[in-house]
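Before any comments, here is the structure.
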Amino acid sequence: MSTPVQELAPVAGANILTASKKGRFDRYARVRFTNRLFQYLFLLCILALCVVLGLVIFFIGKTGILTFRDISLSDFFLSLDWTPEDGKFGAGAFIINTLLLTGLTLVIAVPISVGMAVLLVEISPMWFKRFVRPVLDLLVGIPSIVYGYLGLTVLIPLIREWTGENLGDGLLAAALVLSLMILPTICRVSDEAIAAVPKKYREAAYALGSTRLQVIMRVVLPAAKRGIVAAIILGMTRAIGETMAVVMVIGNTAQLADSLFTPTAVLTSNIVMQISNVEFDSTWNYALHMMAFLLLLISFLLIVVIRFISKRGGDRA
Amino acid sequence: MSSFTASGKNNRAKLYNQVATGLFYALGIAVLMLIFWLLYTILSKGLPGITLEFLMKVPEEMDTGGGIGTVLFNSFYILILSLLISVPIGVGAGIYMAEYAPANRFTEGLRMCVESLSSVPSIVFGLLGLAIFAEYFQVGLTILGGAVSLAFLNLPMLCRVTEEAIRDVPAELRNAAYALGTTKFQTIRTVVLPVALQAIITGICLVAGRAFGESAVIILTAGLSTSGEMWDFNLFSPGETLAVHLWYVQSEAIVEDASQIADKAAAVLVFVVLFINLVFRIPLWFNNRKLKK
Numbered sequence: 005m006s007t008p009v010q011e012l013a014p015v016a017g018a019n020i021l022t023a024s025k026k027g028r029f030d031r032y033a034r035v036r037f038t039n040r041l042f043q044y045l046f047l048l049c050i051l052a053l054c055v056v057l058g059l060v061i062f063f064i065g066k067t068g069i070l071t072f073r074d075i076s077l078s079d080f081f082l083s084l085d086w087t088p089e090d091g092k093f094g095a096g097a098f099i100i101n102t103l104l105l106t107g108l109t110l111v112i113a114v115p116i117s118v119g120m121a122v123l124l125v126e127i128s129p130m131w132f133k134r135f136v137r138p139v140l141d142l143l144v145g146i147p148s149i150v151y152g153y154l155g156l157t158v159l160i161p162l163i164r165e166w167t168g169e170n171l172g173d174g175l176l177a178a179a180l181v182l183s184l185m186i187l188p189t190i191c192r193v194s195d196e197a198i199a200a201v202p203k204k205y206r207e208a209a210y211a212l213g214s215t216r217l218q219v220i221m222r223v224v225l226p227a228a229k230r231g232i233v234a235a236i237i238l239g240m241t242r243a244i245g246e247t248m249a250v251v252m253v254i255g256n257t258a259q260l261a262d263s264l265f266t267p268t269a270v271l272t273s274n275i276v277m278q279i280s281n282v283e284f285d286s287t288w289n290y291a292l293h294m295m296a297f298l299l300l301l302i303s304f305l306l307i308v309v310i311r312f313i314s315k316r317g318g319d320r321a
Numbered sequence: 004m005s006s007f008t009a010s011g012k013n014n015r016a017k018l019y020n021q022v023a024t025g026l027f028y029a030l031g032i033a034v035l036m037l038i039f040w041l042l043y044t045i046l047s048k049g050l051p052g053i054t055l056e057f058l059m060k061v062p063e064e065m066d067t068g069g070g071i072g073t074v075l076f077n078s079f080y081i082l083i084l085s086l087l088i089s090v091p092i093g094v095g096a097g098i099y100m101a102e103y104a105p106a107n108r109f110t111e112g113l114r115m116c117v118e119s120l121s122s123v124p125s126i127v128f129g130l131l132g133l134a135i136f137a138e139y140f141q142v143g144l145t146i147l148g149g150a151v152s153l154a155f156l157n158l159p160m161l162c163r164v165t166e167e168a169i170r171d172v173p174a175e176l177r178n179a180a181y182a183l184g185t186t187k188f189q190t191i192r193t194v195v196l197p198v199a200l201q202a203i204i205t206g207i208c209l210v211a212g213r214a215f216g217e218s219a220v221i222i223l224t225a226g227l228s229t230s231g232e233m234w235d236f237n238l239f240s241p242g243e244t245l246a247v248h249l250w251y252v253q254s255e256a257i258v259e260d261a262s263q264i265a266d267k268a269a270a271v272l273v274f275v276v277l278f279i280n281l282v283f284r285i286p287l288w289f290n291n292r293k294l295k296k
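Listed in order, the protein sequences are those of chains P and F.
So in the numbering used here, the last spot in the first sequence is 321, and the numbers never skip.
So in the numbering used here, the last spot in the second sequence is 296, and the numbers never skip.
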């Protein structure tokens, strides 16, 4: 890879050419003007992105903070009692449910997607890879609402049949739907991580007489560990923020999930079910915004963790 | 030569290896079958019942036989508006990150911003749109609000795909352009962008497909109703989209044929998303094949 020359040495030639015609808005001046102009335009674009991020934090945080005018921090985070009609705004149950749901989703999705990634990189022939990757892209393309709809019309009747429960809504249904949704994300990113493991590691292991399984388990997966963890966290951010697919299969009842089949609610589903029915200036609305702010903080935290992991990986390599 | 005799441990390792290979293949084939079964279920339940009339007709509140005309129109209208807003900004931001951004703290901060923004859950963008348009500007739930909020959601992804596409352009091409005495912007406009264009368009299609099926943002910003007229270009009318309509029909509608409408709406939704993704990829495949030869 050669480096672009303009980065190596700033151009001096253009100045010599235009020096004699200073003050005239001729072609050289115009070219240099548009050059400068577009540089600032592009900078403006990226700054606009930052402004949007600022808007998100400002508007959601500003409204969310108002929650604590009326109820205390411990009431909001630790209480499990969410009955807005009586002025009880305990988000504890939603937070725990969100964590439970994400955990259960990862338990289902991680082995399958990492297994798929290993199959694609290490085992399968080229034509299989070429075939599977676009198919996984199809899975990404299906709208989340359609996943929710399928969960509602196909998965929940199946769960009812298998378990004999009356409803079938709940954590298990939501976790299955979410697993399918984050599968391509985790698979794609860990696929890249596994493919980035240097070939010489594998050759060294084979030269010692390892079987392919031993190479995968003892050399490739440990070497790709950081990338796979980053992939899993990326999948986590999707699972935590997903709304519509979850809303349709989780049952939407504000209670702690005490079994896999209890109708329950998570942060996202509770926000979308209730936000349109509340007054702008009510504690209820503030509490919902606070829950959204919480989601935002969790996502940011996960992004920081990913950066930390990949940076340390970069130093080692 | 053949003084090596396989011990029991060797044989076990070989056996495990074969079993594991089989299991990996079984896993892969199971996942593939699941995906195809899903697509088949959605499309086979909905597509056969779709008529032009269904696609053009206004949804009904009470009677059977309602269509999805207005919501389908709103879907495309909001999608196009949001792309008009987000593509110039997102692509511009991507160009800056790939071509101009110096390697320093400030750029690190910008990159952090983009990553954080792409991790923001869609429901939060919905709340933002609600706060800006319904609360601050007091215009209520409108097509404009939906389009702008959706544009916010698209921005980080557009920025990332553009940056990746531009970074893939070989530096030799840039150097050749500089050697002819062009400025940086001329190089980008005449050399870098044309080469990266195809990858950028593919990226835009991915984003468009995602935006077309997005519902959490639209529910909160464009509402659960339409103006009831076909071809309503008014930016300030309520703009229920197809994805939202699917949710509405499934959860709140009282019409008798709600489940058929939902089946058909889901099929149309998936079909359009696949169409957006595939149509623009086909030329890409052909080009790749040409390059390899």
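Just so it is clear, CB atoms sit at the ideal spot from N, CA and C, and this is done for glycine as well.
Beta-bridge pairing of residue i - partner residues as DSSP gives them
i, result
"residue 268 of chain P", "P:255"
"residue 86 of chain P", "P:93"
"residue 224 of chain F", "None; residue 224 of chain F has no bridge partner."
"residue 242 of chain F", "F:229"
Cross-chain neighbours of residue i in chain A, by beta carbon under 7 Å
i, result
"residue 153 of chain P", "The chain labelled as chain A is not found among the protein chains of the depicted structure, namely P and F."
Environment of residue i [buried if 16+ CB atoms lie within 10 Å]
i, result
"residue 253 of chain F", "buried"
"residue 23 of chain P", "Below a pLDDT of 50, predicted positions are generally treated as unreliable, and residue 23 of chain P, at 49, falls in that range; the measurement from the model is reported next regardless. So residue 23 of chain P ends up on the exposed side."
"residue 241 of chain F", "buried"
"residue 26 of chain F", "exposed"
"residue 147 of chain P", "buried"
"residue 278 of chain P", "buried"
"residue 36 of chain F", "exposed"
"residue 106 of chain P", "buried"
"residue 85 of chain F", "buried"
"residue 130 of chain P", "exposed"
"residue 187 of chain F", "buried"
"residue 159 of chain F", "buried"
"residue 182 of chain F", "exposed"
"residue 173 of chain P", "buried"
"residue 217 of chain F", "buried"
"residue 234 of chain F", "exposed"
"residue 154 of chain P", "buried"
Where residue i sits in the DSSP three-state scheme
i, result
"residue 331 of chain F", "Residue numbering for chain F in the displayed model covers 4 to 296; residue 331 of chain F lies beyond these limits and cannot be assessed."
"residue 229 of chain F", "strand"
"residue 343 of chain P", "Since the displayed chain P opens at 5 and closes at 321, residue 343 of chain P lies outside it and no answer follows."
"residue 93 of chain F", "helix"
"residue 52 of chain F", "helix"
"residue 213 of chain P", "coil"
"residue 8 of chain F", "coil"
"residue 61 of chain F", "coil"
"residue 257 of chain F", "coil"
"residue 197 of chain F", "helix"
"residue 207 of chain P", "helix"
"residue 262 of chain P", "coil"
"residue 237 of chain F", "coil"
"residue 286 of chain P", "coil"
"residue 206 of chain F", "helix"
"residue 107 of chain P", "helix"
"residue 25 of chain F", "helix"
"residue 142 of chain F", "coil"
"residue 76 of chain F", "helix"
"residue 316 of chain P", "helix"
"residue 249 of chain P", "helix"
"residue 29 of chain P", "coil"
Host alpha helix (DSSP H) of residue i (start-end)
i, result
"residue 157 of chain F", "146-170"
"residue 281 of chain F", "261-282"
"residue 218 of chain F", "It is not in any alpha helix (DSSP H) - residue 218 of chain F carries neither H nor E in the DSSP assignment."
"residue 110 of chain F", "108-122"
"residue 131 of chain F", "125-132"
"residue 190 of chain F", "187-190"
"residue 240 of chain P", "229-245"
"residue 176 of chain F", "174-182"
Point to revise | Minimum length 4: unbroken alpha helix (DSSP H) runs contained in the region 109-162 of chain P | key: 130-145, 148-154
Exercise for review: Ignoring anything shorter than 4 residues or poking outside the region 37-92 of chain P, list the alpha helix (DSSP H) runs there in chain order.
Suggested key: 71-74, 77-82
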